[in-house]
């Protein structure tokens with residue numbers, strides 16, 4: 001992904017990201033990047049492939065890197081020009097790491113509010129809460145179906161559904177058309193159905209698998225004119241508060257929050273604030289947007305702290 005970003009930076013001289021040498025030297029050569037004419041690409045192990053690869057790379061870096069997983073950070077404290085990060089693996093014990101130079105918050109904006117509550121005043125914290133930056137939930141049903149009973153009527157990536165047609169149907173991806181190599185040797189087809197959850201789904205403590213699957217099958221039957229599709233396998237998920245819904249003025253709000261963080265937490269010995277808001281809560285919901293957001297934050301820290 002960083003290689004693709006590097007290539008785009010070379011193609012566009014006006015690109016807003018300046019790559020420090022310490023980052024640029026670690027990126028792959030442009031010859032190893034996905035061809036520019038590629039309209040879509042996938043990862044065999046899904047998006048988790050990126051996380052696994054990053055963790056593996058960091059763990060192999062030697063004793064200079066320590067990773068703590070499944071231990072959510074609960075708060076950050078100022079300690080001179082540095083920070084103390086507190087985390088807890090349960091509700092009774094708490095650990096911390098001191099003398100932290102920089103913190104990159106990649107979690108959802110509403111999760112950042114609790115972490116930053118000891119550093120920022122309520123007026124700044126309020127602008128990161130759900131009331132200022134709402135989030136949408138999505139129900140997803142992935143099907144593998146018998147190819148004879150569920151062929152798509154057209155060849156394409158998929159289709160979106162207008163809310164006037166069905167307020168709970170968002171769209172359908174024809175996975176077997178977009179990525180046929182993932183079908184393997186099976187005579188089957190795959191679909192992904194995305195839906196806006198019903199209130200009763202969200203109010204339930206469990207994932208209402210049967211209800212979501214039933215609604216998704218109804219959508220496929222209606223929109224693709226499938227009379228009796230034979231389901232071979234399925235994967236049903238309900239993702240709560242997973243997609244930020246940028247309201248009017250979002251860009252200005254994010255700039256203002258970052259500016260206030262800089263003013264409130266500016267360090268005397270360095271120009272960098274040391275606290276960076278990163279990810280799709282702020283700079284775009286796509287994978288490329290998240291990578292660019294991280295690259296900008298790291299570049300700023302390296303350049304300003306040098």
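Numbering (full-length UniProt numbering), first residue to last: 1 to 306.
Where a beta carbon is used, it is the ideal one built from N, C-alpha and C, also for glycine.
- Task: Rounded to whole angstroms, what's the CA-CA distance from residue 219 to residue 79? Just pull it up for me.
- Result: The count along the chain shown starts at 1 and reaches residue 219 at position 219. The count along the chain shown starts at 1 and reaches residue 79 at position 79. Looking at the two C-alpha atoms, the distance is approximately 55 angstroms.
- C-alpha gap between residue 277 and residue 53, whole angstroms: Numbered from 1 along the chain shown, position 277 holds the residue referred to as residue 277. Numbered from 1 along the chain shown, position 53 holds the residue referred to as residue 53. Cα to Cα, residue 277 sits roughly 23 angstroms from residue 53.
- Query: Do you know how far the Cα of residue 73 is from the Cα of residue 179?
  - Reply: Here residue 179 refers to the residue found at position 179 of the chain shown. Here residue 73 refers to the residue found at position 73 of the chain shown. For residue 179 and residue 73, the distance between alpha carbons rounds to 38 angstroms.
- Nearest-angstrom Cα distance between residue 125 and residue 144? Working through the chain shown from its first residue, we reach residue 125 at position 125. Working through the chain shown from its first residue, we reach residue 144 at position 144. Going from the Cα of residue 125 to the Cα of residue 144 covers about 44 angstroms.
- Task: Using 10 angstroms around the beta-carbon of residue 275, count the other beta-carbons present and answer buried if the total reaches 16, otherwise exposed.
- Result: Along the chain shown, one-based indexing puts residue 275 at 275. Buried: at least 16 other Cβ atoms inside 10 Å.
- Message: Just to confirm, is the Cβ distance from residue 199 to residue 147 under 8 angstroms?
- Response: In the chain shown, counting from the first residue as 1, residue 199 sits at position 199. In the chain shown, counting from the first residue as 1, residue 147 sits at position 147. No, they are not a contact pair.
- Message: Is the beta carbon of residue 150 closer than 8 angstroms to that of residue 193?
- Response: In the chain shown, the residue the question calls residue 193 occupies position 193. In the chain shown, the residue the question calls residue 150 occupies position 150. It is not a contact, given that the beta carbons lie outside the stated cut-off.
- Task: Can you say whether residue 43 is buried or exposed, counting buried as having 16 or more other CB atoms within 10 angstroms of its CB?
- Result: Walking along the chain shown from the start, residue 43 turns up at place 43. Exposed, by the Cβ-count rule.
- Item | Buried/exposed call for residue 65, threshold 16 Cβ in 10 Å | Numbered from its first residue, the chain shown carries residue 65 at position 65. Classification for residue 65: exposed.
- Task: Could you tell me the distance, in whole angstroms, from the CA atom of residue 156 to the CA atom of residue 211?
- Result: Here residue 156 refers to the residue found at position 156 when the chain shown is read from its first residue. Here residue 211 refers to the residue found at position 211 when the chain shown is read from its first residue. Cα to Cα, the separation comes out at about 28 angstroms.
- Mind listing, in chain order, the continuous beta strand (DSSP E) runs of no fewer than 3 residues lying wholly within the stretch 63–135? 73–79, 82–87, 95–100 and 103–105
- Are three or more beta carbon pairs between the stretch 103–123 and the stretch 217–233 nearer than 8 angstroms? no
- Exposed or buried, which one is residue 14 when buried takes at least 16 other CB atoms within 10 Å? Along the chain shown, read from residue 1 onward, the residue named residue 14 stands at position 14. Caution applies to residue 14, whose pLDDT of 48 falls short of 50 and renders its modelled position unreliable; the value that the coordinates give is listed next. It counts as exposed.
- What residues are listed by DSSP as bridge partners for residue 143? The count along the chain shown starts at 1 and reaches residue 143 at position 143. According to DSSP, which records beta bridges pairwise, residue 143 is partnered with 191 and 234.
- Task: Check whether the Cβ atoms of residue 236 and residue 138 sit closer than 8 angstroms, and answer yes or no.
- Result: If you number the chain shown from 1, residue 236 lands on position 236. If you number the chain shown from 1, residue 138 lands on position 138. For residue 236 and residue 138, no; Cβs fall outside 8 angstroms.
- Message: Going by DSSP in three states, residue 155 sits in which element: helix, strand or coil?
- Response: Translated into positions along the chain shown, residue 155 becomes position 155. Coil, per DSSP.
- Item | Identity of the residue in 238, 293 and 240 nearest residue 258 by Cα | Counting from one through the chain shown, the residue named residue 258 turns up at place 258. Nearest option by C-alpha distance: 293.
- Message: To the nearest angstrom, how far is the alpha carbon of residue 273 from that of residue 266?
- Response: By one-based count along the chain shown, residue 273 stands at place 273. By one-based count along the chain shown, residue 266 stands at place 266. Cα-Cα distance, rounded: 5 angstroms.
- Message: Going by DSSP, what residue range makes up the alpha helix (DSSP H) through residue 220?
- Response: Looking up residue 220 in the chain shown gives position 220. Taken as a continuous stretch (DSSP letters only), the alpha helix (DSSP H) holding residue 220 covers 209–224.
- Item | Helix, strand or coil at residue 171 [DSSP, three-state] | Position 171 of the chain shown, counted from the start, is the residue given in the question as residue 171. Three-state DSSP puts residue 171 in a strand.
- With distances taken Cα to Cα, identify the nearest neighbour of residue 47 among 224, 181 and 286. Within the chain shown, the letter at position 47 stands for residue 47. Per the Cα distances, 286.
- Item | Close Cβ partners of residue 290 (< 7 angstroms) along its chain, the five nearest in sequence each way excluded | Along the chain shown, one-based indexing puts residue 290 at 290. Here the set comprises 279 and 280.
- Message: Tell me the rounded alpha-carbon separation between residue 160 and residue 171.
- Response: For the purposes of this step, residue 160 is taken as the residue at position 160 of the chain shown. For the purposes of this step, residue 171 is taken as the residue at position 171 of the chain shown. Roughly 4 angstroms between the two C-alpha positions.
- So, helix, strand or coil for residue 308, using DSSP? Outside the shown range of the chain, which is 1 to 306, sits residue 308, and nothing can be said about it.
- Query: Quick one: Cα of residue 62 to Cα of residue 104, how far?
  - Reply: For this step, residue 62 is matched to residue 62 along the chain shown. For this step, residue 104 is matched to residue 104 along the chain shown. Looking at the two C-alpha atoms, the distance is approximately 21 angstroms.
- Query: If you draw a straight line from the alpha carbon of residue 45 to that of residue 263, how long is it in whole angstroms?
  - Reply: Along the chain shown, read from residue 1 onward, the residue named residue 45 stands at position 45. Along the chain shown, read from residue 1 onward, the residue named residue 263 stands at position 263. Rounded to the nearest angstrom, the two C-alpha atoms are 42 angstroms apart.
- Message: Here's a check: name, in chain order, each residue in its chain whose Cβ is nearer than 6 angstroms to the Cβ of residue 106, leaving out the five neighbours to either side.
- Response: Position 106 of the chain shown, counting from 1, holds the residue named residue 106. For residue 106, where only same-chain residues beyond five positions count, the Cβ hits under 6 angstroms are 278 and 279.
- Item | Counted within 10 angstroms of its Cβ, other Cβ atoms place residue 303 as buried (16 or more) or exposed | What you label residue 303 is simply residue 303 of the chain shown in a count that begins at 1. Exposed, since its Cβ has fewer than 16 Cβ neighbours within 10 Å.
- Item | Where residue 67 falls, given that 16 or more other Cβ within 10 Å makes a residue buried | Here residue 67 refers to the residue found at position 67 when the chain shown is read from its first residue. Exposed, by the Cβ-count rule.
- Does the Cβ-Cβ distance between residue 152 and residue 177 come in under 8 angstroms? Here residue 152 refers to the residue found at position 152 of the chain shown. Here residue 177 refers to the residue found at position 177 of the chain shown. Yes, Cβ-Cβ distance for residue 152 and residue 177 is below 8 angstroms.
- Give the DSSP-derived three-state secondary structure of residue 160 in the structure shown. Residue mapping note: residue 160 aligns to position 160 of the chain shown, counting from 1. Residue state, collapsed to three classes: strand.
- Query: Going along the chain, which residues of its own chain have a beta-carbon closer than 7 angstroms to the beta-carbon of residue 58, five neighbours each way excluded?
  - Reply: Within the chain shown, the letter at position 58 stands for residue 58. Closer than 7 angstroms at Cβ, skipping near neighbours: 65 and 67.
- Task: Identify, in the order they occur along the chain, each residue of the same chain with its Cβ nearer than 7 angstroms to the Cβ of residue 12, setting aside the five sequence neighbours on each side.
- Result: What you label residue 12 is simply residue 12 of the chain shown in a count that begins at 1. With a pLDDT of 46 at residue 12, under the threshold of 50, the predicted position of this residue should be treated as unreliable, though the coordinate-derived value follows. So the list is empty, once near-sequence residues are dropped.
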